[in-house]
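Note that our numbering numbers the sequence shown so that position 465 is 465, with each residue one more than the last. Every residue gets a Cβ at the ideal spot worked out from N, C-alpha and C, and that includes glycine. See structure below.
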Amino acid sequence: MGKFLLDDIYVTVLFDSGADTSYMSLKMSKLLKRTPTPLNTKHVVELANGKSVEAAHVIKGCNIVLAGQTFSIDLIPIVLGSFDVVIGMDWLSLHHAEILCKEKVIRIPRSTQEPLEVQGDKSGAVVGIISFLKAQKCLRKGHTAILALVTDASAKEKKLGDIPVVRDFPQVFPEDLPGLPPHRQVEFQIELAPGAAPIARAPYRLAPTELEELSKQLQELLEKGFIRPSSSPWGAPVLFVKKKDGTFRMCIDYRELNKVTVKNRYPLPRIDDLFDQLQGSSYYSKIDLRSGYHQLRVRDEDVSKTAFRTRYGHYEFLVMPFGLTNAPAVFMDLMNRVCKPYLDKFVIVFIDDILIYSKSQEEHEQHLRLILELLRKEQLYAKFSKCDFWLREVHFLGHVVNKDGIHVDPSKVDSIRNWPAPRTPTEIRQFLGLAGYYRRFIKDFSKIAQPLTLLTQKGVTYRWGESQETAFQYLKDRLCSAPILSLPEGTEDFVVYCDASIQGLGCVLMQRDKVIAYASRQLKVHERNYTTHDLELGVVVFALKIWRHYLYGTRCTIYTDHRSLEHILKQKDLNMRQRRWVELLNDYECAIKYHPGKANVVADALSRKDTLPRRVRALQLTIQSSLPAQIRDAQVEALKPENVKAEALRGSRQQMEQKEDGAYYVTGRIWVPLYGGLRELVMDEAHKSRYSVHPGSDKMYHDIKTTYWWPSMMAHIATYVGKCLTCARVKVEYQKPAGLLQQPRIPQWKWEEISMDFVTGLPRSQRGNDTIWVIVDRLTKSAHFLAIKETDKFSTLADVYLKEVVSRHGVPISIISDRDARFTSELWQAMHKSFGSKLDMSTAYHPQTDGQSERTIQTLEDMLRACVIDFGNGWEKHLPLVEFSYNNSYHTSIQAAPFEALYGRKCRSPLCWAEVGDSQITGPEIVVDATEKIAQIRQRMAAARDRQKAYADKRKRPLEFRSGTGYC
C-alpha cells in the first residue's frame, strides 16, 4: 500500500494479489478526465466485506508513476472502501511483479536494468474503526474475528540505570525502607483535648483472607521495627481496604482518637497556588516517596496513643500511621522545612508528592540533581516505580500540566462521562464534589450547577426534573470538553470579564488572549434583593477578591456589561455598601470598561487541545468517508419487514428510486432512514461541525434538503435546533428600530455595490489583532471577515483592501459604511475617488442605513461565540471557517447560499459529498448560467424587500424631526 501519482492525481493504492483485476473507486473515476469504455460483459465483483457489486465499464490507458517510472494500467470503476485504486493480478502478472510482504516492496524485473523496487507505506495499515454493534453483526453471520491487543514493541521497562542524573542516586530508590527513620526536625505529636480519657474499641471481625493478610503485614511491620507490642489503654480496631493492584492495605480506624485530638492547623497549600508556580516550565520530574508517613517518627510520649487491637495481639506504632487526623499537616510541615531552599523556585510539594519543574533541559538536570542530593542527605526514600523523570507533560494532583497550560486529567473525565444521574442528595453532593474540583475550568460553574445544589438544601423535597437533568448533562459535557487553562506569565496584561444575573456571579481571568481561570458563585439570600447596579459592582469586587494574588499591585482591565460602572469612582451619591466596595477598588490599579453583554466574546480565548489522538482522527475520517455506505446499509435494514413500519414512509415508498451507487433516492435526494441513528449524525454535521457553526433551523433545512431527505425533516430539524444548548447561550434577540424601513436600490452585478463595518473591542489574539473588518457584497451576500488591529494605519488597511477585495472582485461602484474615522479620512476618500468608487456614509447614530453589514456582524458574533464554546482556541483561529460557514449557508432573501450566488454552483463540504465532480460545464455555459442566476437573485431580492418592508413597517409610522429638538 502507498500513495502514487495517477494521471497527475495522488491516489492511495493497494497491491492485492487476491484480486483478479485492477479497480478504481467511483469517486476517483469522476475526477479523471477520461471516458469509460463499456465492458463486453458485466463483471460481478465480490468485495472484502462479502457484498457483491456489478461493474459495466473500464477506464483504459491510465498512467501510474511507480518509483519514477510510468506504467499504463486499465482500471474498472467500482465502489471501494479506504483505497482509491486496487492493483490486481492482471497487472502484476503482466509485469512479472513480486510482492515482498515483510519489506513492503513491489519488485518489478527489467530486462536491461536492475529490478525496479516500489516502496510501500511503512506507517502502518489504514485504520478503520467499527462499532461494537457492527462487529456483533459480523460475528452472527459467521465471520472469523481476531481480538488483537496492540502493544508498543519498542517500549522498555523503566530501569534506574537508564535515566540521566537519577542513576547517580540509587540510595534514594531502595526496594524497601531500610528500617526506622532517623530523628528529624519534626516529629509526629498527638495532643489531646482537656479531659480526654483513653478509648479502646473491640476488634472488627475479618474474613479468613483478611486474617491471613493481617498476620503477614503485622510480621513485616515488626521486622522493620515500625510497630511493637503494646500494653497501652488505647486501642483502635483494624480494617482492610483493597488497592488498585488487588492487594490489601491495612488501615487503623482512629476515628475515636481523632475526635479527642487537638487539630493541627498547619496549612496545606492551595492547588491553584501550586500550579501558578509552573509558569513557563517545559520539563518535569515527579517523585513519590515510598510509604512517606512511615519515614517520620512518632514522639515517644505519644506512641501509646497509636495502639491498635487485633486478633493476634495489641500493638503500637513507632512511625506515623495512616488515618490520624493531623498526619497530612505534620508531613507537609516536614517537607516544607526540608525543601525550603528550593520551594517555589523549581520544586513544589504536596504532602508526599514532589514535582520538579524547569524551563530548559540544562536547568532540569541541575534542579533534579539538587533535589536528589537533598533527599539522600535527609534519608528520605522514593518509590522508583511511581516516579517519572524528564517529562514534557506530567499528571499531578488530578491535572495534566505541560508547556501549554493545565488540563483536566483524562481519567477523571471518564469518571464524569460515565456518572449515572444522582438519585439522592448525597449522590448529588458526591458528583458536585468531583466536578467542583475542576470548577476553575468551567465558566459559570455555579450558575450551571444551581438546579442541582438546590436539591441538597435542607427542607427541599428531592424531585429530579428536567431542569436538573439538563444541568447535570450540560455540566458533564462542559467538564468532558474542558479547555486548557494557561499559566500566568508575569504580572502584566491581566483582563477580567464580569457578568452578574439573578442566578449568580461569574467572571473570567485572561492574560494576553489566554484564559487563566474561571470563577463563579451563586447569590446569597440577601443578595437576591440587590439592584442590578449593586450586583454588577458586586461581581467586580468578587473577582478582585478571589484573584487578589494576581491583580493586586499591577494594572488590569475589567470589562462589564453595565455602562454606569465606568464612572463608579467619580460618583458622589453612593450607598454604604457601594462606598465600602469603592474603597476596595481604590486599592487596585484597575480600569473598568464597558463591553456589551451579548458582544462579550469572553470564551473566545479558550485554549483546548488542538491535537487529537491518532486513533480518534481515524475514527472521524472513517465516519465521514463512509457516510454514503452507512446510509446504504441502513436503508437495507430499514426496508426489512420488521423495521419498515417505524420509518413512516407512507406514499413516499412509491417515489423511491435506486441509483447506480445502490442507494435509494426520493426526488433526487438520498433517503436517510430512522434506522441506525444516521439522521442525528447528518444533523450534527450540518449544525455543530466546524463547517456549519450552528445555523438556525430554516438555514439548516435549506442547507441539507438539496442532498438528504426523510419524512418530516423540517420539523425534526426545528426540534433539534431548539434543543441546542450552545444556540440558546449565544443567539441574540434583535428588536426592530423605530421608523419606516429605508432600503437602498438592488445592485446590478456581483461585488459592484458593497457595505463594510468594523467589529471592535475583541480580546487581543496571538497575532495582536483585536478587530474584524466585515465587507459584504449587497447582491450575493458573500462576505469577507478580515482580522486587523484597531490601531492599523491607512496604508495597512489599503493593502488589505486591495489584496482581499479589489484583486478578487474588482473595483466596486459604491461603498456603504458608517462614519468611522477611517472611512471619513481624506486618504481613504482620495483612494476611492481615484478608483471611481462612490462612498455613501450613513447618518450618525443610525446603523440601519448600513443594515447589511450590521446584520452580518450580528451573525458573525453569534457564530464566533458558538465556535469557541464548541471548539475552543482564540477567535482569530476560527475566522476562516466562520467565513466559510457564513458563505456556504442559505440566505432567505436570495434563496441560495452566497457562495452559490457568487460562483454559480454549490460549494463542496464534508456533508455535501454527492456534489463532488458531478457536473462539468464549458466557458460559454458558465457565462449564460451566471447571468441567469443573477437575474433570478435580483428578482428574489425584490420580492424579499417587499416582504421585509411590509413586516418592518407594521404598526410603525415615519419619524418626524423638527429643528431645535436636539436630533439634528
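Comparing alpha-carbon positions, which option in the options lies nearest residue i?
i	options	result
phenylalanine 472	Val298, Leu452, Asn643 and Gln748	Leu452
arginine 463	Thr667, Pro425, Ala236 and Lys447	Pro425
leucine 278	Glu393, Phe389, Arg205 and Thr306	Glu393
phenylalanine 899	Leu375, Asp799, Ile813 and Leu779	Leu779
glutamate 365	Leu343, Tyr284 and Ile351	Tyr284
isoleucine 76	Lys60, Asp176, Tyr665 and Met756	Lys60
methionine 250	Val347, Glu175, Gly433 and Thr209	Thr209
lysine 447	Glu427, Asp499 and Pro328	Asp499
glycine 722	Val800, Lys158, Gly696 and Asp820	Gly696
tyrosine 518	Ala543, Ile502, Gly538 and Thr532	Ala543
histidine 702	Ser889, Leu584 and Leu802	Ser889
tyrosine 550	Val496, Gln578 and Met576	Val496
arginine 423	Phe396, His395 and Leu455	Leu455
leucine 786	Ile813, Met831 and Phe758	Phe758
methionine 831	Asp840, His809, Gly459 and Ala798	Ala798
arginine 228	Tyr312, Ser834, Ile815 and Ser358	Tyr312
Closest Cβ-Cβ distance between residue i and chain B: below 8 Å?
i	result
glutamine 361	No chain B appears in the structure shown, which is made up of a single protein chain.
Given this structure, state the Cα-to-Cα distance separating residue i from residue j, to the nearest angstrom.
i	j	result
phenylalanine 494	aspartate 276	14 Å
aspartate 792	leucine 391	42 Å
leucine 100	glycine 904	50 Å
leucine 14	glycine 677	32 Å
valine 636	aspartate 20	28 Å
leucine 762	tyrosine 530	30 Å
tyrosine 492	leucine 674	With the sequence shown as reference, residue 492 is identified as glutamate, and tyrosine is not the correct amino acid for it. Whole-angstrom Cα-Cα distance: 55 Å.
aspartate 300	glutamate 187	9 Å
valine 262	glutamine 185	21 Å
phenylalanine 431	glutamate 212	36 Å
glycine 225	glycine 179	6 Å
proline 628	isoleucine 670	9 Å
alanine 783	phenylalanine 823	19 Å
valine 806	tyrosine 10	34 Å
glutamate 647	leucine 639	8 Å
tyrosine 474	phenylalanine 350	32 Å
valine 86	glutamate 466	53 Å
glycine 246	arginine 337	35 Å
alanine 382	lysine 403	26 Å
valine 118	serine 17	15 Å
arginine 577	lysine 545	16 Å
alanine 202	glutamate 316	16 Å
valine 776	glycine 2	44 Å
aspartate 74	glycine 836	57 Å
histidine 716	histidine 694	15 Å
histidine 533	tyrosine 559	14 Å
histidine 399	glutamine 219	38 Å
glutamine 171	threonine 325	31 Å
phenylalanine 384	phenylalanine 248	21 Å
With burial defined as no fewer than 16 other Cβ atoms inside 10 Å of the residue's Cβ, what is the status of residue i: buried or exposed?
i	result
proline 341	exposed
leucine 214	buried
glycine 511	Note that residue 511 is glutamine in the sequence shown, not glycine. So glutamine 511 ends up on the buried side.
serine 755	buried
asparagine 887	buried
arginine 579	exposed
arginine 679	buried
Please tell me whether, using a cut-off of 7 Å, the distance from the CB of residue i to the nearest non-hydrogen atom of the ligand NAP is below it.
i	result
leucine 32	Judged by which ligands are present, the structure shown has none, so any question about the ligand NAP falls away.
Return the chain-ordered ranges of every alpha helix (DSSP H) run that is complete within the region 17-88 and spans a minimum of 4 residues.
26-31
Can you give, in chain order, each stretch of the alpha helix (DSSP H) that sits fully within the region 744-816 and has at least 4 residues?
794-801
Just to confirm the assignment: which complete alpha helix (DSSP H) runs, minimum length 4, are found wholly within the region 625-651?
627-638 and 641-644
Closer than 8 Å is the cut-off here; do at least three beta carbon pairs connect the region 873-887 with the region 759-766?
yes
Touch check for the region 191-205 and the region 291-300: three-plus C-beta pairs under 8 Å?
When Cβ pairs closer than 8 Å are counted between the two stretches, the region 191-205 is seen not to touch the region 291-300, the count staying below three.
Examine the Cβ distances between the region 297-317 and the region 216-235 and report whether three or more of them are shorter than 8 Å.
yes
Three-pair Cβ contact test at 8 Å for the region 28-39 versus the region 104-118
The region 28-39 vs the region 104-118: no contact.
Please specify which runs of the beta strand (DSSP E), each continuous and at least 3 residues long, are wholly inside the region 87-115, giving them in chain order.
98-100 and 105-108
Entirely enclosed beta strand (DSSP E) segments - the region 174-251, minimum 3 residues
227-229 and 238-242
Complete runs of the beta strand (DSSP E) confined to the region 275-311 [at least 3 residues]
283-288 and 308-310
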